[in-house]
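A.B. asks: Quick one: the structure is below, questions incoming.
Residue numbers (the numbering used here): 585 to 817.
This is the structure:
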């Protein structure tokens with residue numbers, strides 16, 4: 585074989601080996617990009633009967649740009665040392681367990697009849713770096729345990745006696761904050777937040793405080809979970 589033939593044979597061998605390597609072991613292939621986080625939020629067509637979207641109460645039309653995991657800052661004041669009085673506010677999770685990305689939409693159910701006060705809340709989706717979401721929910725549960733009984737002083741000097749409880753089932757967590765405003769004998773005020781983890785995403789449905797227990801949080805949560813599973817997986 586002459587020099588040109590040897591070169592051609594060598595090139596053919598390299599090409600063959602390269603093709604064999606790609607088909608046998610296969611190069612590392614990037615998986616499909618996850619769908620936009622907003623795609624997993626409830627939309628009007630998936631709302632339970634009687635519910636509407638409320639875009640005036642939350643930043644429901646703005647998506648925080650996804651952050652780089654390499655520059656991720658886990659907390660802005662960690663959950664472990666968060667004041668108990670902040671446990672029930674709308675943004676406590678994004679403030680004290682900063683996600684890479686978060687989106688939200690307001691939810692409400694209009695009152696039906698004189699004795700019905702309706703319901704208000706929001707759905708939030710938070711995306712965390714790989715493996716972080718489970719740790720966040722563990723930290724929330726620990727914070728609730730630390731804040732089992734506490735008091736909050738209002739601007740007018742009145743003192744709220746409050747208690748916090750958490751119920752966990754698998755990858756879901758439900759937190760209830762009960763406040764007893766003065767004077768004694770009035771109905772307690774209840775804030776509830778339900779969390780469900782899907783991999784690195786935490787789905788949250790928050791209820792604005794009410795003194796009349798309803799099943800609306802559960803209804804909204806069930807619809808939100810169905811919507812996320814249908815559109816984000």
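Using N, Cα and C, we set each Cβ at its ideal position, and we do this for glycine too.
Specify, as a first and last residue, the run of the beta strand (DSSP E) that residue 696 falls within.
C.D. replies: Premise fails: residue 696 is in no beta strand (DSSP E) and is neither H nor E.
A.B. asks: Quick one: what does DSSP say residue 675 is sitting in, helix, strand or coil?
C.D. replies: Of the three classes helix, strand and coil, the one that applies to residue 675 here is coil, per DSSP.
A.B. asks: Using only CA atoms, which one of 634, 781, 704 lies nearest to residue 755?
C.D. replies: Here the closest residue by C-alpha is 781.
A.B. asks: Label residue 673 either buried or exposed according to how many other C-beta atoms from any shown protein chain fall within 10 Å of its C-beta, with 16 as the threshold for buried.
C.D. replies: Exposed.
A.B. asks: Looking at the secondary structure, which residues open and close the beta strand (DSSP E) in which residue 663 lies?
C.D. replies: Neither: residue 663 is in no beta strand (DSSP E) and is coded neither H nor E.
A.B. asks: Check residue 795 in the structure and name its three-state DSSP category.
C.D. replies: Coil at residue 795, not helix or strand.
A.B. asks: Taking Cβ to Cβ, would you say residue 710 is nearer than 9 Å to residue 679?
C.D. replies: Cβ distance not < 9 Å, so residue 710 and residue 679 don't count as in contact.
A.B. asks: Can you find the residues in the same chain that come closer than 6 Å, C-beta to C-beta, to residue 771, ignoring five residues on each side of it along the sequence?
C.D. replies: Within the same chain, residue 771 has close Cβ partners 795.
A.B. asks: Identify, in the order they occur along the chain, each residue of the same chain with its Cβ nearer than 7 Å to the Cβ of residue 662, setting aside the five sequence neighbours on each side.
C.D. replies: Cβ within range, chain order: 680.
A.B. asks: I need the straight-line Cα distance from residue 824 to residue 628, nearest angstrom please.
C.D. replies: Given a span of 585 to 817 for the chain in the structure shown, any question on residue 824 remains unanswerable.
A.B. asks: If I measure Cβ to Cβ from residue 797 and keep anything under 7 Å in the same chain, skipping five residues before and after, which residues do I get?
C.D. replies: Cβ within range, chain order: 774.
A.B. asks: Between the region 802-813 and the region 697-709, are three or more C-beta pairs nearer than 8 Å?
C.D. replies: The answer is yes - the region 697-709 touches the region 802-813, with three or more Cβ pairs under 8 Å.
A.B. asks: Apply the 10 Å Cβ neighbour rule to residue 714 and answer buried if 16 or more other Cβ atoms are within range, or exposed otherwise.
C.D. replies: Its Cβ having fewer than 16 others within 10 Å, residue 714 is exposed.
A.B. asks: Shortest alpha-carbon distance to residue 695 belongs to which of 777, 633, 762?
C.D. replies: Looking at the Cα atoms, 633 is the closest of the given residues.
A.B. asks: Rounded to a whole number of angstroms, what is the C-alpha to C-alpha distance between residue 668 and residue 727?
C.D. replies: Distance between the alpha carbons of residue 668 and residue 727: 8 Å.
A.B. asks: Indicate the three-state DSSP secondary structure (helix, strand or coil) for residue 803 in the structure shown.
C.D. replies: Residue 803 falls in the helix class under three-state DSSP.
A.B. asks: Hey, quick one: how far does the beta strand (DSSP E) through residue 781 stretch, first residue to last?
C.D. replies: That run of the beta strand (DSSP E) goes 773-782.
A.B. asks: With burial defined as no fewer than 16 other Cβ atoms inside 10 Å of the residue's Cβ, what is the status of residue 776: buried or exposed?
C.D. replies: It is buried - the Cβ of residue 776 has at least 16 other Cβ atoms within 10 Å.
A.B. asks: Give the DSSP-derived three-state secondary structure of residue 529 in the structure shown.
C.D. replies: Here the chain comprises residues numbered 585 to 817, so residue 529 is not present and cannot be evaluated.
A.B. asks: Looking at the unbroken alpha helix (DSSP H) that takes in residue 722, where does it start and where does it end?
C.D. replies: First-last of the alpha helix (DSSP H) with residue 722: 716-730.
A.B. asks: Is the beta carbon of residue 638 closer than 9 Å to that of residue 697?
C.D. replies: No, Cβ-Cβ distance for residue 697 and residue 638 is not below 9 Å.
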